[in-house]
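A.B. asks: Residue numbers (our numbering): 90 to 329.
Handing you a structure now.
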Ligand SMILES: [Zn+2]
Ligand SMILES: [Zn+2]
Ligand SMILES: [Zn+2]
């Protein structure tokens with residue numbers, strides 16, 4: 090956190106150095122899916138050598154998940170293809186409002202601005218051979234999406250999961266779930282709430298994400314139940 094001298098912000102453990110929340114999912118057929126375009130996208134892509142993105146999914150349009158969208162133009166340049174963007178209709182409206190210059194009819198295609206093709210999510214869909222199951226969750230007053238890819242589900246930014254979505258999560262074995270901090274928060278699970286929800290979902294392995302600077306990696310992981318840990322930047326998980 091800018092201007093903070095707390096133990097986590099001063100920590101030399103690289104797992105305590107956190108950029109904004111985003112994942113990529115590499116599918117069996119080589120399809121590479123990016124979930125959210127954070128303000129840190131360029132740094133993340135350079136650090137983790139992300140050379141290929143075939144589609145972008147959005148959970149919601151909050152700034153910490155959206156503001157790196159302009160960086161997608163580099164992937165347009167490399168593939169010479171427009172980038173398919175998948176989000177709920179309301180999120181697409183927000184994206185077009187926030188990045189109005191990208192969608193102006195006379196915007197300079199082919200280098201100046203990203204070339205995006207917008208698709209509204211209305212239920213499960215396929216990207217290549219990968220089934221993508223949207224999982225609606227509550228993020229305070231907002232309805233946002235998590236995503237399930239086979240036995241893995243990514244549920245960032247939430248503090249409640251409706252029963253209808255818990256049904257969509259049946260059989261999930263690998264789970265990434267929002268857990269912001271220990272103190273109560275109006276729009277994110279606390280670590281205790283997340284432990285309880287992770288227990289209900291019952292994945293074999295759960296990684297908590299969207300972690301605030303109150304939670305040090307090593308000491309928090311030591312306090313978590315078996316099968317649960319904190320995620321960290323650069324974490325790679327192999328899903329079967
Ligand atoms: Zn701090
Ligand atoms: Zn949010
Ligand atoms: Zn967020």
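In this text, a Cβ means the ideal position worked out from N, Cα and C, and glycines have one as well.
None of these values were measured; they are calculated from a predicted model.
Can you tell me which residues form a DSSP beta bridge with residue 232?
C.D. replies: Here the question's residue 232 lines up with position 143 in the chain shown. Residue 232 is bridged to 227.
A.B. asks: Going by beta carbon distance, what residues of the same chain come within less than 7 angstroms of residue 302, once the five residues before and after it are set aside?
C.D. replies: Working through the chain shown from its first residue, we reach residue 302 at position 213. These residues qualify, in order along the chain: 90, 93, 95, 97, 98.
A.B. asks: Taking 7 angstroms as the cut-off, is the C-beta of residue 274 nearer than that to any heavy atom in ligand 3?
C.D. replies: One-based indexing of the chain shown puts residue 274 at position 185. Relative to ligand 3, the beta carbon of residue 274 is positioned no closer than 7 angstroms to any heavy atom.
A.B. asks: Tell me which residues share the same chain as residue 298 and place their Cβ nearer than 6 angstroms to its Cβ, disregarding the 5 neighbours each side in the sequence.
C.D. replies: Here residue 298 refers to the residue found at position 209 when the chain shown is read from its first residue. Within the same chain, residue 298 has close Cβ partners 110, 245, 265, 320.
A.B. asks: Within a Cβ cutoff of 7 angstroms, which residues of the same chain sit near residue 102, ignoring the five residues on either side of it in sequence?
C.D. replies: Along the chain shown, read from residue 1 onward, the residue named residue 102 stands at position 13. For residue 102, where only same-chain residues beyond five positions count, the Cβ hits under 7 angstroms are 306, 307.
A.B. asks: Flag residue 246 as yes when its Cβ comes closer than 7 angstroms to any non-hydrogen atom of ligand 2, and as no otherwise.
C.D. replies: The residue you call residue 246 lines up with position 157 of the chain shown. Within the cutoff, so yes.
A.B. asks: Taking only the alpha-carbon atoms, compute the straight-line gap between residue 293 and residue 241 and give it to the nearest angstrom.
C.D. replies: Within the chain shown, numbered from 1, the residue matching residue 293 stands at position 204. Within the chain shown, numbered from 1, the residue matching residue 241 stands at position 152. Their Cα atoms are separated by approximately 10 angstroms.
A.B. asks: Please confirm whether residue 284 and residue 261 have their CB atoms less than 8 angstroms apart.
C.D. replies: Position 195 of the chain shown, counted from the start, is the residue given in the question as residue 284. Position 172 of the chain shown, counted from the start, is the residue given in the question as residue 261. Result no, Cβ atoms of residue 284 and residue 261 do not sit closer than 8 angstroms.
A.B. asks: Does the Cβ of residue 166 have 16 or more other Cβ atoms within 10 Å, making it buried, or fewer, making it exposed?
C.D. replies: Residue numbering aside, residue 166 sits at position 77 when the chain shown is read from its first letter. Exposed, by the Cβ-count rule.
A.B. asks: Quick one: give me the first and last residue of the beta strand (DSSP E) that residue 95 is part of.
C.D. replies: Taking the first residue of the chain shown as position 1, residue 95 is located at position 6. No beta strand (DSSP E) holds residue 95; DSSP gives it neither H nor E.
A.B. asks: For a quick check, are the C-beta atoms of residue 213 and residue 221 less than 8 angstroms apart?
C.D. replies: Numbered from its first residue, the chain shown carries residue 213 at position 124. Numbered from its first residue, the chain shown carries residue 221 at position 132. It is a contact, given that the beta carbons lie within the stated cut-off.
A.B. asks: Mark residue 168 as exposed unless 16 or more other C-beta atoms lie within 10 angstroms of its C-beta, in which case mark it buried.
C.D. replies: Walking along the chain shown from the start, residue 168 turns up at place 79. Looking at its Cβ environment, which holds fewer than 16 other Cβ atoms inside 10 Å, residue 168 is exposed.
A.B. asks: What is the chain-ordered set of residues for which the beta carbon lies under 5 angstroms from any non-hydrogen atom of ligand 1?
C.D. replies: 90, 93, 95, 98, 302
A.B. asks: Can you give, in chain order, each stretch of the beta strand (DSSP E) that sits fully within the segment 285–312 and has at least 3 residues?
C.D. replies: 294–298
A.B. asks: Quick one: grab the DSSP three-state call for residue 173.
C.D. replies: Taking the chain shown and counting its residues from 1, the one referred to as residue 173 is at position 84. Strand.
A.B. asks: State yes or no: is the C-beta of residue 204 within less than 8 angstroms of the C-beta of residue 173?
C.D. replies: Counting from 1 along the chain shown, the entry for residue 204 is found at position 115. Counting from 1 along the chain shown, the entry for residue 173 is found at position 84. Cβ atoms of residue 204 and residue 173: not closer than 8 angstroms.
A.B. asks: If we require 4 or more residues per run, which alpha helix (DSSP H) segments fall completely within the segment 183–212?
C.D. replies: none
A.B. asks: In whole angstroms, what separates the C-alpha of residue 177 from that of residue 269?
C.D. replies: For the purposes of this step, residue 177 is taken as residue 88 along the chain shown, with counting starting at 1. For the purposes of this step, residue 269 is taken as residue 180 along the chain shown, with counting starting at 1. Their backbone Cα atoms lie some 24 angstroms apart in a straight line.
A.B. asks: Just checking, does the segment 134–151 make contact with the segment 223–234 on the three C-beta pairs under 8 angstroms criterion?
C.D. replies: yes
A.B. asks: What are the partner residues of residue 122, as DSSP defines its beta bridges?
C.D. replies: Numbered from its first residue, the chain shown carries residue 122 at position 33. Residue 122 is bridged to 114, 144.
A.B. asks: Just the C-alpha distance for residue 181 and residue 158, rounded to the nearest angstrom, thanks.
C.D. replies: Counting from one through the chain shown, the residue named residue 181 turns up at place 92. Counting from one through the chain shown, the residue named residue 158 turns up at place 69. For residue 181 and residue 158, the distance between alpha carbons rounds to 12 angstroms.
A.B. asks: Give the DSSP-derived three-state secondary structure of residue 322 in the structure shown.
C.D. replies: For this step, residue 322 is matched to residue 233 along the chain shown. The answer is coil: DSSP assigns residue 322 none of H, G, I, E or B.
A.B. asks: What is the residue span of the alpha helix (DSSP H) that residue 265 lies within?
C.D. replies: The residue you call residue 265 lines up with position 176 of the chain shown. Premise fails: residue 265 lies in the beta strand (DSSP E), 263–267, not in any alpha helix (DSSP H).
A.B. asks: Under a Cβ-count criterion, where at least 16 other Cβ atoms within 10 Å of its own Cβ denotes burial, should residue 267 be classed as buried or exposed?
C.D. replies: Taking the first residue of the chain shown as position 1, residue 267 is located at position 178. Under this definition residue 267 is a buried residue.
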